[in-house]
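Participant: Residue numbers (the working numbering): 180 to 648.
No residue lacks a Cβ here, since even glycine has one placed at the ideal position from N, Cα and C.
The structure follows.
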């Protein structure tokens, strides 16, 4: 997507909002309805997300929910609440029939329990049963994103009969996905699947199970939805069957769900790794200043308090800095370097954990590898640090021996700080995972602050010993 397209898209959103405001000010309801009807559904959804709550409450009654149904999953929680408050129950029920079952459940889960109960009583018994089955799963689980409206046929059926029913249901829009035809036994246990295209060239007189192959992976409904995304990437699957512990087929997670999960989790992890208190669920434009302040300021205050430890350490060694002022020149270089090393290590480990390459079982392997890696990096950095520190000190004092001593202090502190920062950066995500917290919470600012503390202690301790203070 080009930058110009993004800019025009955003400008279009604000143009629509401006036109809507103008129509309200003029009390031009006909003009307002025309603006809403002529706005592209994808833009209209972003308009609803971006505008303030007061204005959104006024225009929601004029929005055709069926028109935006394909983009309903992009609506913010706040916009969905406005729909609940200002749209009739019949309109919401009609919308649910237009949505794939997984999206319908996602929408329902954002409504109040009272509204959900009313909807389940209003819709058809078969639809209510389907939604209740999916509602029992957490939104963060595979069951919360799977769809149960998939082509499922029992073994013993002939290809001709399967195709007849398959095509009939496609025509009426019954299936949410039909890339594969799933074959089950009489108990509903998954036997295998067939590429839907293959069935059209298969022998019509053969039994359907004779063409079935085993999917490369299946997933349980209770599993974290990230597991489905990881399996899809690992095995290059566009659809993953969901089965219970007995192997009975429950549904499938489709490629569009996998992409949504991947984008959501990536955004969440990036925000956490950036040091936000919690992920911002809405887009930047639809997040209020208050929400942004809470998410960004609170972690900064915590880190600010932690950074006072660095100040206290420096203050404790003021007597050394007063006598050897040049030491202060190298502290920022050492602190930044160790912070960067720690952040690099944590980012690599978090990525590997997300891809399933590593787990808490690999602590020893990771520790040994990171120690070797940090020592190798130190071999590259130490000569550069020695050259810089020696040159600056020599130019200041014109004393080769003294410059060598200061250089030795700097590279000694660098070696220790790189080693410690690398270990902290790589082990902290594993520790968080061990205590059942999100590894992405090992944010770059937190790693940097810890690195600053360890570097300051190491640097001034080495200086105290080597200079004899």
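In whole angstroms, what is the alpha-carbon distance linking residue 374 and residue 358?
Facilitator: The straight-line gap from Cα to Cα measures roughly 6 Å.
Participant: Does DSSP classify residue 433 as helix, strand or coil?
Facilitator: In the structure shown, residue 433 sits in a strand (DSSP, three-state: E or B).
Participant: Give me whichever residues DSSP pairs with residue 372 in a beta bridge.
Facilitator: DSSP lists 361, 392 as partners of residue 372.
Participant: For residue 337, write down the residues that DSSP places opposite it in a beta bridge.
Facilitator: Note: residue 337 sits in a beta bridge opposite 386.
Participant: Who pairs with residue 152 in a beta bridge, going by DSSP?
Facilitator: Outside the shown range of the chain, which is 180 to 648, sits residue 152, and nothing can be said about it.
Participant: Using the DSSP secondary-structure output, state which residues sit across from residue 409 in a beta bridge.
Facilitator: DSSP output for residue 409 lists no bridge partner at all.
Participant: Taking only runs of the alpha helix (DSSP H) that begin and end inside the stretch 275-304, which ones reach a length of at least 4 residues, in chain order?
Facilitator: Those alpha helix (DSSP H) runs which fall completely within the stretch 275-304 and span 4+ residues are 280-287, 292-301.
Participant: Is any heavy atom of the ligand MN found at a distance shorter than 7 Å from the C-beta of residue 287?
Facilitator: For the structure depicted, the ligand MN is absent and the ligand set is empty, with no information on it obtainable.
Participant: Rounded to a whole number of angstroms, what is the C-alpha to C-alpha distance between residue 585 and residue 520?
Facilitator: So the alpha carbons of these two residues sit roughly 23 Å apart.
Participant: Under a three-way DSSP split, which group does residue 332 fall into?
Facilitator: Reduced to three states, the DSSP call for residue 332 is strand.
Participant: Would you call the stretch 305-315 and the stretch 261-270 in contact, with 3 or more CB pairs under 8 Å?
Facilitator: No, the stretch 305-315 is not in contact with the stretch 261-270.
Participant: If you draw a straight line from the alpha carbon of residue 221 to that of residue 250, how long is it in whole angstroms?
Facilitator: Distance between the alpha carbons of residue 221 and residue 250: 6 Å.
Participant: Select from 308, 563, 494 the residue whose C-alpha is nearest the C-alpha of residue 513.
Facilitator: Checked all of 308, 563, 494; the closest Cα to residue 513 is 563.
Participant: Given this structure, state the Cα-to-Cα distance separating residue 124 from residue 303, to the nearest angstrom.
Facilitator: Lying before the first or after the last residue shown, residue 124 is absent from the chain, which here runs from 180 to 648.
Participant: Whole angstroms is fine: what's the gap from residue 345's alpha carbon to residue 523's?
Facilitator: Answer to the nearest angstrom: the Cα atoms are 51 Å apart.
Participant: So is residue 217 buried or exposed if we call it buried at 16+ other beta carbons inside 10 Å?
Facilitator: It is exposed - the Cβ of residue 217 has fewer than 16 other Cβ atoms within 10 Å.
Participant: Please work out which residues of its chain come closer than 6 Å, Cβ to Cβ, to residue 407, disregarding the five sequence neighbours upstream and downstream, and give them in chain order.
Facilitator: These residues qualify, in order along the chain: 321, 398, 419, 432.
Participant: Whose CA, out of 197, 252, 224, 228, lies closest to the CA of residue 435?
Facilitator: For the residues 197, 252, 224, 228, the minimum Cα distance to residue 435 belongs to 252.
Participant: Please state if the CB of residue 532 and the CB of residue 608 are separated by a distance shorter than 8 Å.
Facilitator: Contact: yes.
Participant: Once the 5 residues before and after residue 590 are set aside, which same chain residues still bring their CB inside 6 Å of it?
Facilitator: 561, 564, 565.
Participant: Taking Cβ to Cβ, would you say residue 500 is nearer than 8 Å to residue 618?
Facilitator: Not closer than 8 Å, so no.
Participant: What is the residue span of the alpha helix (DSSP H) that residue 569 lies within?
Facilitator: Counting along the chain, the alpha helix (DSSP H) containing residue 569 begins and ends at 542-576.
Participant: Over what stretch of residues does the alpha helix (DSSP H) that includes residue 257 continue unbroken?
Facilitator: Residues 256-265.
Participant: Quickly, what does DSSP pair residue 427 with across the bridge? List them, please.
Facilitator: Paired residues: 368.
Participant: Could I get the ranges of all uninterrupted alpha helix (DSSP H) runs contained in the stretch 476-533, with 4 residues as the minimum, in chain order?
Facilitator: Fully enclosed alpha helix (DSSP H) runs of 4 or longer: 497-502, 506-533.
Participant: Out of 634, 227, 551, which has the shortest C-alpha to C-alpha gap to residue 193?
Facilitator: Residue 193 has its Cα closest to that of 227, out of 634, 227, 551.
Participant: Output the distance between the C-alpha atoms of residue 612 and residue 325, rounded to the nearest integer angstrom.
Facilitator: About 25 Å.
Participant: Going along the chain, which residues of its own chain have a beta-carbon closer than 7 Å to the beta-carbon of residue 335, five neighbours each way excluded?
Facilitator: Closer than 7 Å at Cβ, skipping near neighbours: 386.
Participant: Kindly confirm or deny that the stretch 568-588 and the stretch 475-492 touch, where touching means at least three C-beta pairs closer than 8 Å.
Facilitator: Counting Cβ pairs under 8 Å, fewer than three are found: no touch.
Participant: Indicate whether residue 575 and residue 505 have their beta-carbon atoms separated by less than 8 Å.
Facilitator: Yes, these two residues count as a Cβ contact at 8 Å.
Participant: Under 8 Å, do residue 362 and residue 372 count as touching if we go by C-beta distance?
Facilitator: Contact: yes.
Participant: So the alpha helix (DSSP H) residue 630 belongs to, where does it begin and stop?
Facilitator: Here the alpha helix (DSSP H) through residue 630 covers 623-646.
Participant: Whose C-beta lies closer than 8 Å to the C-beta of residue 461 among residues of the same chain, with five residues either side of it excluded?
Facilitator: Legend: pLDDT at residue 461 = 48, less than 50; position of this residue unreliable, value from coordinates given subsequently. Counting only Cβ-Cβ distances below 8 Å, and skipping sequence neighbours, we find 228, 255, 256, 257, 470.
Participant: Rounded C-beta distance between residue 634 and residue 517? I'm assuming under 8 Å.
Facilitator: 5 Å between Cβ atoms; contact.
Participant: How would you call residue 430, buried or exposed, if buried means at least 16 neighbouring beta carbons within 10 angstroms?
Facilitator: By the neighbour-count rule (16 or more Cβ atoms within 10 Å), residue 430 is buried.
Participant: If we ignore side chains and look at the alpha-carbon of each, how far apart do residue 305 and residue 538 end up?
Facilitator: C-alpha separation (whole angstroms): 42 Å.
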